[in-house]
Amino acid sequence: MANGGGEGADSAPRRGRPRSIETTNAILQSAYALMATTGLAATTIDAIARHSSVSKMTIYKWWPSREALLIDAFLHQAAQMLPLPPASSGSPAARARRHAAAYAEALQGEFGKVQLAVISECISKTGSAELFYARYLHFRRDALVEMIAAGQNDGSILAEAPPEDLYDAIYGSLFYRYVFGIAPITPAYVRNLVDLVLRSKS
Numbered sequence: 206m207a208n209g210g211g212e213g214a215d216s217a218p219r220r221g222r223p224r225s226i227e228t229t230n231a232i233l234q235s236a237y238a239l240m241a242t243t244g245l246a247a248t249t250i251d252a253i254a255r256h257s258s259v260s261k262m263t264i265y266k267w268w269p270s271r272e273a274l275l276i277d278a279f280l281h282q283a284a285q286m287l288p289l290p291p292a293s294s295g296s297p298a299a300r301a302r303r304h305a306a307a308y309a310e311a312l313q314g315e316f317g318k319v320q321l322a323v324i325s326e327c328i329s330k331t332g333s334a335e336l337f338y339a340r341y342l343h344f345r346r347d348a349l350v351e352m353i354a355a356g357q358n359d360g361s362i363l364a365e366a367p368p369e370d371l372y373d374a375i376y377g378s379l380f381y382r383y384v385f386g387i388a389p390i391t392p393a394y395v396r397n398l399v400d401l402v403l404r405s406k407s
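Sequence positions in the sequence shown follow this note's numbering and run 206 to 407.
Put into structure tokens, the structure is as follows:
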């Protein structure tokens, strides 16, 4: 629903030479660009290989499935568009507001369409969104849950519910409103939602 560095599932190659960061980035950027411009159905391994000028053999060696590659491409983009706010950038509540606002804004562009398409692809192929959770959401959710817990500990967040439930209340509400188009996701709505859920002091 994310700090660019160590975030994401361990998709390191299991055999052969170590990955080239430049080649890995070319594959991930190509996969995301194709998803955003041509749609998910056209984002095949063949198309990604042509777009990135990387062999299909290399792609198959580094990713266990097409779905895993699409998720990692989305994660790579999210790490750049929605970095997790560092502890030095304000109180946990203030950081939560900024991150939720950035996520809401991203949802309303190509990022939201790609996210929904990738989740749908995982469900259609495997019967669940477990792969998306394992390779993408798990890491981002844990980091933001820890941030909320820190706010509860320092008293800047007054809500007493488990931090996992507070995270789900914020980001689940935003995704629900986006998917069903119930009402516009305005900056005021996001700010009020975060303050209502967290009962923040700052």
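The beta-carbon is built from N, C-alpha and C at its ideal position, and this holds for glycine as well.
Judged by DSSP secondary structure, Arg300 falls within the alpha helix (DSSP H) whose first and last residues are Pro297 to Leu312. DSSP places Ile362 in the strand class (E or B) of the three-state scheme.
The Cβ neighbour count for Pro297, taken over all protein chains shown within 10 Å, is at least 16; the residue is labelled buried. Between the alpha carbons of Val323 and Ala366 lies a gap of roughly 31 Å. Beta bridge pairing from DSSP links Ser405 with Ile362.
Between Leu336 and Glu272, the CB-CB gap stays under 7 Å.
Sequence-distant partners of Ala231 (beyond 5 residues in either direction) whose C-beta falls short of 8 Å from its own C-beta, in its chain, are Ser257, Ser258 and Val259. Secondary structure of Gly356 (DSSP, three-state): helix. Between the stretch 288-307 and the stretch 261-280 there are fewer than three C-beta pairs closer than 8 Å, too few to call the two in contact.
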